[in-house]
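Participant: This structure is in structure tokens; I'll ask about it shortly.
Residue numbers (full-length UniProt numbering): 1 to 299.
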């Protein structure tokens, strides 16, 4: 944030290489006894019980996805990830020894959307969906999103809490899943792995998947962090890219005092497309083949 602010107010500083910008700010902080302060939660490794459960589940699943007529392009995992509009961190600069540390946030720091991301075991990606906050048939959903310059590359919809529900889950099936599997041979199987989020296995969603010939397999509760490909190897690089685009946007925003600005919905759409396009097939394949918990241990 300090580098961003310096770039906004000083053109000469902005023209310096990023590494030089960083070291200049670092020296400035050290000379003024400024240190990074952050409130953290203690992360815990997944309990051994969850890892054991994941291994047992994979032992059951591997024969299902190893049948001769099931191509890896039709072995799919989908999950949601939040997209905060403000990516200001929980760290700031403060004098060493200060007991109360206040983090400056934007006026709408809790505004967010949701991205529904899906990947196949061969390394391919499905069209991403973005769910914005709003009424499903309101002005944003019916007037703004359909005319977005990115509408052809994304599935776009609204939901009052900006989250996945039965209605937009059906939209995801129609606009993201069906186009991906429509080239399969008649009768060729498709397997879709989802976690235990309630709309993933509602009666209406299960019926829809069954009608188009998709087998639904639910990942055990508590095991997604170790055995769901999106969580294992895709979400982090995707979010890292989104954050880098946000930083670049902040630097290019220019000098503006007060609260941190909030990007537009089109900004978020653009970042999602750029981030998703930059996730290569090797990253995705590695997520399906995590050491010791691989869907394809022979590969």
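We put the CB at the ideal spot given by N, CA and C, even for glycine.
On a predicted model such as this, the values are computed, not experimentally measured, just so you know.
1) With respect to the alpha helix (DSSP H) encompassing residue 59, which residues constitute its N-terminal and C-terminal limits?
2) Please report the distance separating the alpha-carbon of residue 99 from that of residue 264.
3) Counting Cβ pairs closer than 8 angstroms, one from the segment 117–127 and one from the segment 74–88, do we hit at least three?
4) Measure the C-alpha to C-alpha separation of residue 10 and residue 20 and round it to an integer number of angstroms.
5) In whole angstroms, give me the CA-to-CA distance for residue 138 and residue 195.
6) Could you tell me the distance, in whole angstroms, from the CA atom of residue 236 to the CA atom of residue 284?
7) In the DSSP assignment, what residue or residues form a beta bridge with residue 84?
8) If you count every other CB in all the chains shown that lies within 10 Å of the CB of residue 206, and 16 or more means buried, which is it?
9) Could you check the C-alpha separation between residue 274 and residue 238 for me, to the nearest Å?
10) Answer with buried or exposed for residue 35, where buried requires no fewer than 16 other C-beta atoms within 10 angstroms of its C-beta.
11) Once you ignore the five residues that flank residue 311 on each side, which residues in its own chain have a CB closer than 8 angstroms to its CB?
12) Determine the DSSP secondary structure at residue 132, reduced to helix, strand or coil.
13) Considering only C-alpha positions, which residue in the set 193, 281, 214, 30 is nearest to residue 181?
14) For the alpha helix (DSSP H) containing residue 205, list its first residue and its last residue.
15) Helix, strand or coil: which one does DSSP assign to residue 30?
16) Check for me: the alpha helix (DSSP H) holding residue 171 runs from which residue to which?
17) Fully enclosed by the segment 214–299, which beta strand (DSSP E) runs are 3 residues long or longer?
Facilitator: The answer reads as follows:
1) In the chain shown, residue 59 corresponds to position 59, counting from 1. 48–64 is the span of the alpha helix (DSSP H), which, as asked, contains residue 59.
2) As a working mapping, residue 99 is identified with position 99 in the chain shown. As a working mapping, residue 264 is identified with position 264 in the chain shown. Distance between the alpha carbons of residue 99 and residue 264 is about 36 angstroms.
3) Output reads yes: the segment 74–88 touches the segment 117–127.
4) For the purposes of this step, residue 10 is identified with residue 10 of the chain shown, where counting begins at 1. For the purposes of this step, residue 20 is identified with residue 20 of the chain shown, where counting begins at 1. When rounded, the distance between both Cα atoms is 14 angstroms.
5) Position 138 of the chain shown, counted from the first residue, corresponds to residue 138. Position 195 of the chain shown, counted from the first residue, corresponds to residue 195. One C-alpha to the other measures close to 29 angstroms.
6) Residue 236 sits at position 236 when you count from the first residue of the chain shown. Residue 284 sits at position 284 when you count from the first residue of the chain shown. So the two alpha carbons sit approximately 12 angstroms from each other.
7) Residue mapping note: residue 84 aligns to position 84 of the chain shown, counting from 1. In the DSSP output, where bridge partners are listed per residue, residue 84 has 112.
8) What you label residue 206 is simply residue 206 of the chain shown in a count that begins at 1. That one is exposed.
9) The residue labelled residue 274 in the question sits at position 274 within the chain shown. The residue labelled residue 238 in the question sits at position 238 within the chain shown. Going from the Cα of residue 274 to the Cα of residue 238 covers about 10 angstroms.
10) To locate residue 35, count along the chain shown from 1; it is residue 35. Flag for residue 35 reads exposed.
11) This structure cannot speak to residue 311, because the chain is shown only from 1 to 299.
12) The count along the chain shown starts at 1 and reaches residue 132 at position 132. Here residue 132 sits in strand by DSSP.
13) By one-based count along the chain shown, residue 181 stands at place 181. For the residues 193, 281, 214, 30, the minimum Cα distance to residue 181 belongs to 214.
14) The residue given as residue 205 occupies position 205 in the chain shown. For residue 205, the enclosing alpha helix (DSSP H) covers residues 203–211.
15) Position 30 of the chain shown, counted from the first residue, corresponds to residue 30. If DSSP states are grouped into helix, strand and coil, residue 30 belongs with the helices.
16) By 1-based counting over the chain shown, the position of residue 171 is 171. Start and end: 166–172.
17) 214–218
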